[in-house]
Amino acid sequence: MSTLRLIFRNTPRTTLADPSRLRPEAMPPSLRCAPGSAWQRLLFWLLAPSPQDAAPPVSRLPAVRDEFLVALVDVDGDDADALRKRVASARSLRELWHLRPAIYHAVGVGHDQAEAERRVADLDRHFPTRAPRSGFVPLSPR
340 MSTLRLIFRN TPRTTLADPS RLRPEAMPPS LRCAPGSAWQ RLLFWLLAPS
390 PQDAAPPVSR LPAVRDEFLV ALVDVDGDDA DALRKRVASA RSLRELWHLR
440 PAIYHAVGVG HDQAEAERRV ADLDRHFPTR APRSGFVPLS PR
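Heads up: take any position in the sequence shown, counting from 1, add 339, and you land on this note's numbering.
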């Protein structure tokens, strides 16, 4: 069994066959927030890699939460109702980010995969993105 694990672990992975890897990937918002005083905000700005993307304002939470609920508005069932409660009780954008796969699943079951992808892509605009990895660079050095 360990031989099989070594074979699969050492095989190079490629993203060329996977078209979903060619688009930007949404990342969860950072847990870091800019401090209160002007001096602390200045230090945060100087030391943080990207404060606008890394720490989205908390005031956006109600609007983003409403958009998550709109994504589930025409999905029926007990699972969808439970998911709506989880969305409504989310206390941060990071919690909402972690609910994206559940929304994808609920919409995919209630409609189809294309509709689920469209709705989650609409929700992804609220979160920072990173560029996809190039298919020309190996993931692990040899």
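For glycine and all other residues, C-beta sits at the position ideal for the given N, C-alpha and C.
Remember, predicted model here, so these are calculated numbers, not experimental data.
Check residue i in the structure and name its three-state DSSP category.
i           : result
residue 365 : strand
residue 446 : helix
residue 345 : Confidence at residue 345 is low in this model, with a pLDDT of 47, below 50, so the placement of that residue should be treated as unreliable; the coordinate-derived value is given next. If DSSP states are grouped into helix, strand and coil, residue 345 belongs with the helices.
Please look up how many angstroms separate the CB atoms of residue i and residue j, rounded, as I've assumed it's under 8 Å.
i           : j           : result
residue 429 : residue 404 : 6 Å
residue 448 : residue 458 : 13 Å between Cβ atoms; not a contact.
residue 442 : residue 410 : 6 Å
residue 425 : residue 408 : Their Cβ separation, rounded to whole angstroms, is 11 Å, which puts residue 425 and residue 408 out of contact at 8 Å.
Quick one: give me the first and last residue of the alpha helix (DSSP H) that residue i is part of.
i           : result
residue 437 : 432-437
residue 415 : Neither: residue 415 is in no alpha helix (DSSP H) and is coded neither H nor E.
residue 458 : 452-463
residue 401 : 400-410
Should the segment 414-421 be regarded as contacting the segment 432-439, the criterion being three or more beta carbon pairs within less than 8 Å?
No, the segment 414-421 is not in contact with the segment 432-439.
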